[in-house]
Structure formats: C-alpha cells, structure tokens
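Protein chains in written order, with numbering that gives the first Met the number 0: chain A, 0 to 258; chain B, 0 to 314; chain C, 0 to 288.
Below: the structure, in structure tokens.
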Amino acid sequence: MATIHPIPAGDVPALQTEQLSVYYGSNPALRGIDLTVPRNRVVALIGPSGCGKSTLLRCFNRMNELIPEARVEGTVRFNGEDLYGERVDPVNVRRRIGMVFQRPNPFPRSIFDNVAFGPRINGNTTGLAQTVERALRQAALWDEVRDRLNESAYDLSVGQQQRLCIARTLAVRPEIVLMDEPASALDPIATQRIEELIYELKEDYSILIVTHSLQQAARVSDYTAFLYHGELVEYGPTDLIFTNPVEERTEAYVTGRFG
Amino acid sequence: MRPGTEGAHDRTPTTESLFTARSAGGRRERFVSALLAASAAATVLVTVGLVLTLIFEAGHFLVEVGLLSFLLDSEWTPGFRPARYGILPLLVGTLKVAAIASVVALPIGLLTAIYLSEYADRRARALLKPLLETLAGIPTVVYGYFALIVVTPALRSVLPGIEVFNALSAGIVVGIMIIPMVSSLSEDAFRAVPRSLRDGAFALGATRFEVAWRIVLPAAASGVVAAFILALSRAIGETMIVAIAAGDLAGLSLDPRIATQTMTAYIVQMSLGDTPRGTIEYQSLFAVCMTLFLLTLALNATSQRIVRRFRTVYR
Amino acid sequence: MMGARAARRIRKRRRSGLAFGAVAGIATAFGLLTLALLIGAVVIEGAAAFDLQFLRSFTSRFPERAGVRAGLAGTIWVSAITAASAFPVGVAAAIWLEEYAPDTWWSRLVQTNIQNLAGVPSIVYGVLGLALFVRAMGAGRSVLAGGLTLGLLVLPIIVISSREALRAVPDSLREAAYALGATHGQVVFRQVVPAAFPGILTGTILALARAAGEAAPLILVGAVGFIAFTPTGLGDPFTVLPLQIFDWVRNPQPEYRQLAAAASLVLLIVLFVLNATAILLRNRWELRR
C-alpha cells in the first residue's frame, strides 16, 4: 500500500496518526492514514485538490468536529496521548495546536485586539502588550505595524493580514502550528515572506503545512506526505519524495505528469 | 494557565497532559446557553399564551351562544335585545374589504415587481425599491386619515350614492398599503428564476415582455401566489384603516359603497366602548379575535408551505 | 412574402412588449405617486397647526390649543419599554437558533412558531396584552402594559432580523476564534455577536419604528387618545401619537382633522428619524467590512 520512509532516529514524534479515517456522512474523505510529525520540523501535505489534505490537517486540532456530519475513526496521538480521548477538551487541544487558514481571516477589530484575543480568552492578560509585541515580532510584522496597533486589521494588505493571523496564532503559544495553504491568497512577494517566516518558526514549533504548490513544499519542508483520493501514498524526507520517490503515483505528481 | 512557560522561545517541548479539567468557564457557559434556550422557549410561550387566552375567553362565549349559531347565524347585532351573534356579517365585511384591497394590490404589486425585476436597471431599482417600501412603513392610522380625508371625498365626487364611511375607500387604501408586500415578495420569486432560463428565451429571439410573461412569471408562479396569500392575510388583519374609514355596519351586503364593519373594526369598537367586562357582549370580542387569528394563521401557513415547496424546485 | 409577414409579426410583438413595459412602469409610478399624495396631504393640511406650541401642549377641547405633548411622551415611554422587554429576549432567541440549537423537532418548532407569530395581526397581540398584562399581571391600563404588549408584537421581528445579522457573519470568523482555543461561548459572545451587533441594532430600530406607529393593540390594552398629562412612572395611564391621531380623525369638526394631520406629520418625522438612524448604522457597518 503506502510507502512510509523511516524517520531519522534524532527526530522525536510530536503528532502521530494510526489508521485515521474521516467520513462526511457516509462518504470517506480519509482512509487509514498512518503519519508521524516530528518535533521542530516542517511537514508538507501535498496532493491534488479534494485528496483530503485539509481534512487531515483539521483532524489535528479537532476542527472537523465543528462540521456536524463529520466522523473521525482511528487514533491521533499528541506527545503520545490520544487527542480524541474521552476526557480531552477540544478547546484545550486547539490552544496547544494552532491553525492558520487559507484566506486571512482577521477579526473586525484593531491589530492589537486581534493578537490579544487568544491570551485574553485564556486569562493571560498580565504583560499583554509584551505578548502581543513578541508575537508580532515572531510573525515579522512588528516593524510594519508598531505605530498603528489601534487601527483596524482590515486596513492591512492581504499579505500583512495573513502574517497577523500567524501572529495571532503564535500569541497563544502553541506547540504545533497547522497551516492550510497559507499563501494561496497572496502575491509572490508576500508568499516569500511567509515562507521565510515558516523557516524561522521551525526553531520553536512543529509545523504542518498543506500546499498545492510543489515548489513551496520543496522549499520549506523537511518531510513531505503525498495524499491521493483520501489515502496516504508516500511519506518521507522531502528531498527523497521529490528526487527519488518509490511510488509511481508520487513520481507522476511531483514531476507534473499527473493525469 | 501553564506555569513555567516563559515564552515560546525558551520553552522546551512540554510533556504536560491534555487531560486537564474542562475550562473553568464551563459552568457559566452552560448557564448562558440555558438562558438562551429559555428565551427561545419564551417565544413559543407567547403562542401558547395567545391560544390559551383565546380558547379560555372565547370558550365562555361559544358555550353561551353556541358554535353553530356563531358560525351560521346571518345577523350580528350585539347591541339589540335579543342579541344575535352570527360571525358571517363580519366575515363578509372583512372579505369585502380584503377583496377590494386585492383588486388594487395584486395587479399593481405584480406589475411593479415585473417592472423592477425585468425592466428597471440597477440604478432605478436602487432608488425605487426603498421608496416603495416606505409605503409599508407608513403607520396605519395615517393611512386611515388618508382614506377618510383624501380618498373618500375623491370617490364621492365621481361615484354618486357613496356613503361617508364605506368599504371601497378603506379597501383601496388597504390595497395601497400591501402593494410593497406583493411587489417585493414577488420580485424575490422572479429573481430566484435562474438566469439561464431567461437567456435561453432571449437567445430564441423572445422580447423582454415575452420573457417576463411567458417564462419568468410561470416559473415564479408559486412564489407569486405565496406573496398574494400573505398580503391577503395582512389585509384581513388590518385594523386602523377600516376602523377609521369603513364604518360600523355589520351586514351581508356586498355593496362596496356602504358602511361596512370588519372583524378588526368590531374589536376596536368593542374595546373603545364601555361594555362591562364579563358580559357576553364583551366576550364576543374574543370569539371574533379567535376567528381572525385562525383565518390569518391558515393563510400564513398556506403561504409558507407554498414557498417551501417552491424552494426545493430550484435548489 | 413570408419575410413581410414575419417582419409584421415582429413589429407587433415589439409593440405589445413596449406597451406592457409602459403599463408596468405606470403601475410602479402609481405606488410612488400615492406615497407623494399621502405625504403631501399630511404636510399641507398639517403645516397650519404644526408649530412649537403644538409639540408642547396637551390635548384640549379647544382645537387651537391642543397639542401632542402627551402622545409624544407616551410614544417615547412605550418604545423604551418595548425595546427593553423585546430586545434581550429576541436577540437571545436569535443567538440560540443560529449558534446553539441542534437540528431537532423542537428547534424547528421554535423557528416555525416565530414565522407564524410574525404574521399574526397586531390587534390579536392586543388581546394577549389585555389578558396577560392588564389583568393577570395587574398592570392595568398602564404604560407598562402598553409597552410590554408592543414588546410581544415586535419580538418575532427582532428575532428574524437578528438571525439574519448573525447569519451574515462569515464562518471564517468563527473558525478563527475556535482555532485559537476559544470555547463555544467565547466564539459567540466575543466575536460573532459583536460582529453582528450593528445589524442587530438596525433590525431592532426598524422594529421599534413599526411599534411606534401601532395603535390597534394599545386600544385593546385600554389606552385612549384624550389624556392630558405625561406618564411619570410605569403604572401611569398613557397615550401615544397614533392614538391621538385616531382620536382626532374621528372627530367631525374640521379643525380636529387638521390636528390629526399635524400629529401625523410629527409621527412621520419620528419614524423618519428612526429609519434614518437605522440606515446610517447599516451603511457605516457595511463600510467597515
């Protein structure tokens, strides 16, 4: 079936799925996924549209539960613990596993309030200004907005809005950041900024990124998973997947010969 | 929340468990959601209260008068001795006014909707629609004033033999009031007709009139019917215009020129008078109100049913 | 030969199409002209009696001294009570339906019920107000009973418009808040409701405008037109502008009809201000998105 290349011994697993399947009503969107995301690495999920990349991503912070007809089977482990365990609060999961969406979705508030929302709902309001500044710095947005923190987030450019959304996610201090095609709505320059940012964030976070751009996956990720029709076809170190894949379908996709 | 985590930079990967107790606000959240659910339930209580009140108050009356004579007696003479309580004259008066209103509102509302959806360009529509909807926002007492002071004298100058208080004037003005209801609901129905249907007809060389009349109107027919029914229900429930301009003669005559009492006007008359509470005369008010409630409810439910069926056709 | 006949047909079709367009245009104009006529009649007839004195005086047996002070004050009192009673319940019910309710027979019943309540004739609410507030609650023919009765009347309108405002909040906003670890209540009350609030407020103001123009339910509650004082508390008797108009328009003396027109003018101005506020609010809100 799927080809899973071994993960080097130095890498510690942060997220693991075992026979993960997701159904929307009676339609399977994902079937039997086994995937390991190592700590402080960037993992890219690639595959044609509708292959289940975003569905898989949303399993990791239990966002699928917000869709009434979605059903998740199998196991997802976070630091070895069952993410879907009976006593696990999805709210707690989402505080530790953050998410950045395809289209920038800032709140209709000021720049400051956007970043401060997460700490505020968590009751972490001591040193809020420093928290906001640190998050904005990490998202490489501080220098552009330091003098206009009270302006509406809607006044920012789309690229800035997306970095604001990243800052907003980082302000909650998650351990893992999920990114769902974070640059697809952006122009090439803004995209480059996001990619540089991902590279820097790897120091502190594990990052799982869905992308439809093969070049982007090759540039930013350490590991790449290729999904097709809801199944994991091949998973391993990015250069291996791109230069010497085992599966024929992977090779067809990464070389652009996909019918 | 997580002690010992100074910042993302200097944090070593935690092995802290996910199995924390549910967020502290959990109890408050449950309270809030219960409060919201209770508010929603309160809206149902309004209906329950309404139905119980009507049943309780009208019940007394119906036991006293008898359901059959209420429904079948051809006289409504609460002031006379012996008083007779047949709803038919009030029903006929109500339907007479509603019919006159429909004769005004249906063609004009429908043509307005066709004009707005098929003929007017976007700028004209953006200007005309809010202006027309202003008609729906005029208080009904002001319409009553308009009927009595402007429409009735005008009618009396062209139609001889018309009384000062008459069904025609009130009916026309009720009709004007419901024009925006007919036009905006019909227009919604027209706009739900897929563009491809229009394009198909235009491509065959149909004129705009032919597209509107032969393609769009039949396709939107059920929505238009639903709009008519809803507007009719509105006309039946209209109170102040008829209380001011239609007079207070309960009778079976279909003549639009004479004074006519509707169910709503009777309720107003009874409330304004000094009839003692608890008398059968006073309780007749509730029986009339219940009839009005049931009639409008049936019409509204029919309209909603048609709209629902209509929706499934295109989605 | 065939060509000539076809051309004739097309000309005829085009002519009938144009005629129909003209008829439809005339029908549209009819509504607008009536509106102009109505407002014109009110302004022309009412202008003579409309002055500051008219706003400051109570009703009177002498038409030249009569004014709308009691009605204006009563309308403000009643509207305030209506808003205070219907707004929290209506908005809460809307939030429950849009953000909390599972798809069950009960939530569908609540929805259908609200649709039906919105179609109940206003006078029927008067009967409920009479039984519930005037008698059962013992509020008598007071401004409180009047305000609560109109509260019942506008409740379904507020629920429906608030639901629309909540539905207009994009799901991406909800997702963003959830992804930051917000609880359901935090998502709803810290992001969704604030984002929908201008829309909710607009709908509420429009509903209040509707209530301010109502007379029929208040007649049932026992309010009358000839009241010569303003309420000082919730238990006081009251009148409202529409009831004063009703009272005057039924008076056969022509001077009173002039008063009715002037009071109508005051009422139309009140409603215009309310509507303009709602529209301004909506426009400002749309600019921000």
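Each residue gets a CB set at the ideal place from its N, CA and C atoms; glycine is no exception.
Bridge pairing for residue 69 (chain A): A:23 [DSSP].
Nearest C-alpha to residue 151 (chain C) among C:199, C:165, C:206, C:191: C:206. In the DSSP assignment, residue 233 (chain A) falls within the beta strand (DSSP E) that extends over 230-236. Residue 44 (chain B) places its beta carbon 9 Å or farther from that of residue 91 (chain C). The region 67-123 of chain B contains, as complete alpha helix (DSSP H) runs of 4+ residues, the segments 87-113 (chain order).
By the neighbour-count definition (other C-beta atoms within 10 Å, threshold 16), residue 52 (chain C) is an exposed residue.
Here residue 240 (chain C) is actually not in contact with residue 210 (chain C); their C-beta atoms are around 12 Å apart, not less than 8 Å. Residues of chain C with a Cβ closer than 8 Å to the Cβ of residue 239 (chain B) are, in chain order, 214, 215, 241, 245. In terms of Cα proximity to residue 26 (chain A), the closest of A:102, A:193, A:135, A:51 is A:51. Rounded to the nearest whole angstrom, the C-alpha separation of residue 115 (chain A) and residue 185 (chain A) is 24 Å. As computed with DSSP, residue 178 (chain A) is found in a beta bridge with A:99, A:208. Nearest to residue 128 (chain C) by C-alpha distance, out of C:220, C:113, C:284, is C:220.
DSSP places residue 45 (chain A) in the uninterrupted beta strand (DSSP E) bounded by 41-45. For residue 224 (chain A), the enclosing beta strand (DSSP E) stretches over residues 222-227. Straight through space, the alpha carbons of residue 54 (chain A) and residue 126 (chain C) are spaced by roughly 55 Å. Residue 84 (chain B) has a beta carbon lying at 9 Å or more from every beta carbon in chain C.
In this structure, residue 78 (chain C) sits away from residue 147 (chain C), with a CB-CB distance that is not shorter than 9 Å.
At least one beta carbon of chain A lies nearer than 9 Å to the beta carbon of residue 175 (chain C). With a 10 Å radius around the Cβ and a threshold of 16 neighbouring Cβ atoms, residue 282 (chain C) comes out exposed.
If you check the CB distance, residue 158 (chain A) and residue 189 (chain A) come in under 9 Å. Per DSSP, the unbroken alpha helix (DSSP H) holding residue 161 (chain A) starts and ends at 157-169. Remark: C-beta atoms of residue 3 (chain A) and residue 33 (chain A) approach each other more closely than 9 Å. Take the alpha-carbon of residue 111 (chain C) and the one of residue 225 (chain A): they are about 48 Å apart. In the three-state reduction of the DSSP assignment, residue 213 (chain C) falls in the coil class, being assigned neither a helical nor a strand state. Pairwise C-beta distances place the region 58-70 of chain C out of contact with the region 158-177 of chain B, as fewer than three of them are shorter than 8 Å.
In the displayed model, residue 161 (chain C) falls within a helix according to three-state DSSP.
Residue 215 (chain B) is positioned such that its CB atom lies no closer than 9 Å to that of residue 233 (chain B). Contact of residue 171 (chain A) with chain C by beta-carbon distance below 7 Å involves 179, 180.
As the crow flies, the alpha-carbon of residue 268 (chain B) is around 11 Å from that of residue 281 (chain B). In the three-state scheme derived from DSSP, where H, G and I count as helix and E and B as strand, residue 161 (chain B) is classed as coil.
The Cβ atoms of residue 164 (chain C) and residue 195 (chain C) lie closer than 9 Å to each other.
Note on residue 60 (chain A): 16 or more other CB atoms within 10 angstroms of its CB, so buried under the neighbour-count rule. The straight-line gap separating the alpha-carbon atoms of residue 69 (chain B) and residue 136 (chain C) is approximately 31 Å.
In terms of beta-carbon proximity, residue 172 (chain C) lines the interface with chain A, with at least one pair separated by less than 9 Å. Listed along the chain, the chain A residues whose CB falls inside 7 Å of the CB of residue 185 (chain C) are 120.
Look at residue 25 (chain B): its C-beta is under 9 Å from a C-beta on chain C.
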